[in-house]
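Enquirer:
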Amino acid sequence: MSNKQVISEWFYLYSDDIYQFLLYRLHSKHHDVEDLVQEVFIRALNSLDRYKGEAAPKTWLYSIARNIAIDAHRKNKRDKWKWLLQFESGTVPENTEKATPEHLYFVTEEQRELLNAIRSLKESYQEVLIMRSIKELSVQETAAAMGWTENKVRSTLHRAKSALQKKLGGNVVE
Numbered sequence: 001m002s003n004k005q006v007i008s009e010w011f012y013l014y015s016d017d018i019y020q021f022l023l024y025r026l027h028s029k030h031h032d033v034e035d036l037v038q039e040v041f042i043r044a045l046n047s048l049d050r051y052k053g054e055a056a057p058k059t060w061l062y063s064i065a066r067n068i069a070i071d072a073h074r075k076n077k078r079d080k081w082k083w084l085l086q087f088e089s090g091t092v093p094e095n096t097e098k099a100t101p102e103h104l105y106f107v108t109e110e111q112r113e114l115l116n117a118i119r120s121l122k123e124s125y126q127e128v129l130i131m132r133s134i135k136e137l138s139v140q141e142t143a144a145a146m147g148w149t150e151n152k153v154r155s156t157l158h159r160a161k162s163a164l165q166k167k168l169g170g171n172v173v174e
């Protein structure tokens, strides 16, 4: 199979997961996230020769997406509350056809409170919470995507949940 065919197959299998990760991570508009998803697969195509197959393709793509998210965050320095403010003002984000039920559910007051609490955590806590609790990646997949050890993922997740519980006034976070 050619590199383009491999990436095309991976795009078919994993693009929605990468899209959701970037949407949660960057809280950007739909078309911005779609552009970043394309960038993930372009980078994957350009560096496929360096992919050794030690991690699952999905995990490797998550690590590329994470790096792209970091780059986008540095480049744009967007207002971290922009996405939430759209809902608070009563406007619906553009192009919601790819919005998932979880995405739309954030409109409720309880979810706004949770989102505010998550956004107030440091970035490493946000990332590990998104990957483990929201996207349900395994400890191994999360460790590979973040370039961490499995123990660091476990301890950071524990600390992130503890910090989140404090911010939510002791309400249990699963």
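Residue numbers (UniProt numbering): 1 to 174. Note that the Cβ used here is the ideal one computed from N, Cα and C, for glycine as well.
Would the stretch 54-62 count as touching the stretch 140-155 if we require 3 or more Cβ pairs under 8 Å?
Expert: The answer is yes - the stretch 140-155 touches the stretch 54-62, with three or more Cβ pairs under 8 Å.
Enquirer: In chain order, what residues of the same chain have a beta carbon less than 7 Å from the beta carbon of Val122, not counting five sequence neighbours either side?
Expert: The displayed chain sequence assigns Lys, not Val, to residue 122. Excluding residues within five positions, none has a Cβ falling inside 7 Å.
Enquirer: Restricting to Cα atoms, I'd like to know which of Ile7, Leu168, Lys152 is closest to Ile37.
Expert: For clarity, residue 37 is Val in the given sequence; the question names Ile instead. Cα-wise, what sits closest to Val37 is Ile7.
Enquirer: Looking only at its own chain, which residues have a Cβ that is under 6 Å from the Cβ of Phe41, when we skip the five neighbours before and after it?
Expert: Within the same chain, Phe41 has close Cβ partners Ile7, Phe11.
Enquirer: For His27, count neighbouring C-beta atoms within 10 Å of its own C-beta (all shown protein chains included) and say buried if the count is 16 or more, exposed if not.
Expert: It counts as buried.
Enquirer: How big is the Cα-Cα spacing for Ser15 and Glu9?
Expert: Approximately 10 Å, taken between the alpha carbons.
Enquirer: Among the candidates Gly169, Glu54, Glu34, whose CA atom is the shortest distance from the CA of Ala69?
Expert: Of the candidates Gly169, Glu54, Glu34, the one whose C-alpha sits nearest the C-alpha of Ala69 is Glu34.
Enquirer: How many Å lie between Lys4 and Leu115 at the Cα?
Expert: Those two C-alpha atoms are separated by around 38 Å.
Enquirer: Inspect the beta-carbon positions of Ile130 and Tyr24 and report whether they are closer than 7 Å.
Expert: Yes, these two residues count as a Cβ contact at 7 Å.
Enquirer: Might you give, ordered along the chain, the residues of its own chain that have their beta carbon closer than 6 Å to the beta carbon of Glu141, omitting 5 neighbours on each side?
Expert: Excluding sequence neighbours, Glu141 sits near Thr59.
Enquirer: Indicate the three-state DSSP secondary structure (helix, strand or coil) for Trp148 in the structure shown.
Expert: Three-state DSSP puts Trp148 in coil, outside helix and strand.
Enquirer: Answer yes or no: do Leu157 and Val128 have a C-beta to C-beta separation smaller than 7 Å?
Expert: Cβ distance < 7 Å, so Leu157 and Val128 count as in contact.
Enquirer: Leaving out five residues on either side along the sequence, give the residues of the same chain with a beta carbon under 6 Å from the beta carbon of Pro57.
Expert: The residues are Trp10.
Enquirer: Between the Cα of Glu136 and those of Ser2, Leu13, Phe21, Met1, spot the shortest distance and give me the residue it belongs to.
Expert: For Glu136, the nearest C-alpha among the options comes from Phe21.
Enquirer: Measuring CA to CA, which of Met1, Leu13, Ile18, Ser2 is closest to Ile134?
Expert: Looking at the Cα atoms, Ile18 is the closest of the given residues.
Enquirer: Which residue wins for smallest C-alpha separation from Ala55, given the options Lys152, Ser138, Ala160, Gly170?
Expert: The shortest Cα separation from Ala55 among Lys152, Ser138, Ala160, Gly170 belongs to Ser138.
Enquirer: Go through its chain and collect everything with a Cβ distance to Ala44's Cβ below 8 Å, but skip five positions before and after it.
Expert: Taken in chain order, the residues that qualify are Ile7, Trp10, Tyr51, Trp60, Leu61, Ile64.
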